[in-house]
Amino acid sequence: MSARPAPPEVDRIAAGRAAVAARQARATVKRAVATRIRTALDAAQVAWSDPDSAEASLRVSELLGSVPSLGPTRTGRVMEQLEISDKKRVGGLGVRQRQKLHDFLVARQGPAPSKLVVLAGPAAVGKGTVSAYIRDHHPDVQLSVSATTRSPRSGEVHGVHYYFVSDEEFDRMIADNELLEWAVVHNSYRYGTPRPPIDAALAAGKRVLLEIDLQGARSVRRVMPEARLIFLLPPTWEELVRRLTGRGTEGVDEQQRRLETAKIELAAQDEFDAKVVNREVSQAAAEVVELMDAPFRAPSSRQG
Ligand code: 5GP
């Protein structure tokens, strides 16, 4: 009856870290279901095909509790109706219980899951023009309006093109966890994606488009692995240089800096789920919108 020796310190630290990562992964799944990016049925199917997935370790009550419109009371009643005990995890269900949960989720599957799409690409490739075209021609797609610490250019409207905010206000947004992601772009100003409008739009079943830089796209992938990342390409490098230098809003040094950034950004194109070549704006915009409607890969099947 001797006491078991305590595990070595390093093991406990590693186990603690693994537990935190697993909890975060489960929170990501619940959030995706709550904001309709994924359906509960999709999460359950991933759980049953991959016993090591975050989905498998989720409690059935947590999964059902994330479904929009199933409050805690209704979740409790559904659990009773399905004869599944409170502690059961999705991956730990037996064949009959799986079938019952499956049938329940199929029967109540609501509208198609909404979609979060990130459009990134090198400076001057025309991301802004393509997303403005989508804003004007596809009012059903909600465009995220970023916050930035840079000053407005001529014709830019606060609340439409950006929220132009002070450094202090940007600091406050970070501190209050109001930004889904943020980055310092071109080594100068800070840009960030306000989170509340995106959560609200996704929960309302809308498609949301973010036009942000590469660092931002990578951050979104980390916090919302279900997001689809689209890379906008110039037809040729020469065309990109022409577009960059032809814009005339920046000085020579700034243009040079942006070209350097563009080279680095172009090298990242293979990290993206899809590529669209911006030969002609309306065509590129149509391709982006079409990709918003294409089926999403389950996040667990992603590489890396
Ligand atoms: P500009 O100052 O020319 O409007 O934008 C400069 C860069 O900032 C563009 O590459 C644009 O995609 C990026 N950007 C705009 N909004 C955001 C944002 O919310 N987050 C991040 N990470 N980048 C952004």
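Numbering (the numbering used here), first residue to last: 838 to 1141. Every residue, glycine too, gets a C-beta built ideally from N, C-alpha and C.
Is residue i helix, strand or coil when you go by DSSP?
i	result
Pro-948	Low per-residue confidence applies at Pro-948: pLDDT is 49, beneath 50, and the placement is therefore not dependable, though the value from the model is reported in the following sentence. Residue state, collapsed to three classes: coil.
Val-857	helix
Thr-1030	strand
Thr-872	coil
Leu-1070	strand
Lys-867	helix
Arg-911	helix
Val-943	helix
Ala-984	strand
Lys-924	coil
Met-1010	helix
Val-1113	strand
Leu-900	helix
Pro-1136	With a pLDDT of 46 at Pro-1136, under the threshold of 50, the modelled position of that residue is not reliable, and no figure is offered here.
Leu-895	coil
Ala-1041	coil
Leu-994	The residue you asked about is not Leu; residue 994 is Val in the sequence shown. Val-994 falls in the coil class under three-state DSSP.
Leu-956	strand
Ala-877	helix
Ser-906	coil
Asp-1004	helix
Ala-961	coil
Asp-1036	helix
Ser-1025	coil
Asp-889	coil
Which one of the options has the shortest CA to CA distance from residue i?
i	options	result
Ala-1131	Asp-923, Arg-1065, Ala-851 and Ala-1041	Arg-1065
Ser-983	Phe-1001, Arg-926, Tyr-970 and Ala-957	Phe-1001
Phe-1068	Gln-882, Pro-1062, Val-1118 and Gln-1106	Gln-1106
Arg-863	Leu-1016, Ala-891, Glu-1048 and Leu-1046	Ala-891
Val-978	Ala-852, Arg-935, Gly-965 and Arg-1044	Arg-1044
Val-866	Glu-899, Val-857 and Glu-846	Glu-899
Glu-1097	Ile-971, Ala-969, Pro-842 and Trp-1074	Trp-1074
Glu-1127	His-975, Leu-938 and Ala-859	His-975
Ala-1099	Arg-1080, Glu-1015, Glu-917 and Val-857	Arg-1080
Gly-929	Leu-1039, Ala-1037 and Pro-888	Pro-888
Leu-980	Leu-1103, Ala-851, Ile-1035 and Met-1061	Ile-1035
Tyr-1142	His-998, Ser-991 and Lys-952	This structure cannot speak to residue 1142, because the chain is shown only from 838 to 1141.
Glu-1063	Ala-859, Val-955, Arg-1095 and Val-915	Val-955
Ala-884	Ser-922, Glu-920 and Gly-931	Gly-931
Glu-1048	Glu-1018, Gly-1042, Ala-1037 and Ala-1040	Glu-1018
Ala-1123	Leu-1103, Asp-973 and Arg-896	Asp-973
Val-915	Arg-926, Lys-937 and Ile-1011	Lys-937
Asp-1008	Ala-1041, Ala-1038 and Tyr-1026	Tyr-1026
Using the rule of at least 16 other Cβ atoms within 10 Å of the residue's Cβ for burial, across every protein chain shown, is residue i buried or exposed?
i	result
Val-962	buried
Gly-902	buried
Pro-1071	buried
Gln-1092	buried
Gly-853	exposed
Arg-1059	exposed
Pro-948	At Pro-948 the pLDDT is 49, less than 50, meaning the model places this residue with poor confidence and gives no usable figure here.
Lys-924	exposed
Val-857	exposed
Gly-958	buried
Asp-851	A small fix is needed here, since residue 851 is Ala in this sequence, not Asp. Exposed is the call here.
Ser-968	buried
Val-1089	exposed
Arg-1095	buried
Ile-1101	exposed
Ser-1056	buried
Ala-880	buried
Which residues mark the beginning and the end of the beta strand (DSSP E) in which residue i is found?
i	result
Ser-968	First-last for Ser-968: 964-974, but that is the alpha helix (DSSP H), not the beta strand (DSSP E).
Gln-979	978-980
Gly-1001	Going by the sequence as given, residue 1001 is Phe instead of Gly. Phe-1001 -> beta strand (DSSP E) spans 999-1001.
Arg-1094	From DSSP, Arg-1094 is part of no beta strand (DSSP E) but of the alpha helix (DSSP H) over 1089-1103.
Val-1022	1016-1022
Leu-1046	1044-1048
Ala-843	No beta strand (DSSP E) contains Ala-843, which DSSP labels as neither H nor E.
So residue i is in the alpha helix (DSSP H); what residue range does that whole segment cover?
i	result
Glu-1063	Note, Glu-1063: premise wrong, no alpha helix (DSSP H); not H, not E.
Val-1118	1118-1130
Leu-930	It is not in any alpha helix (DSSP H) - Leu-930 carries neither H nor E in the DSSP assignment.
Cβ contact (3+ pairs, closer than 8 angstroms) linking the region 1015-1023 and the region 1048-1055:
yes
Measuring CB atoms only, is the region 868-875 touching the region 906-915, in the sense that at least three cross pairs come out at less than 8 angstroms?
no
The region 936-948 touching the region 873-883, judged by at least three CB pairs closer than 8 angstroms
yes
Inspect the CB distances between the region 983-999 and the region 1028-1048 and report whether three or more fall short of 8 angstroms.
yes
For the region 1098-1118 against the region 962-975, do three or more pairs of beta-carbon atoms, one drawn from each stretch, fall closer than 8 angstroms, so that the two count as touching?
yes
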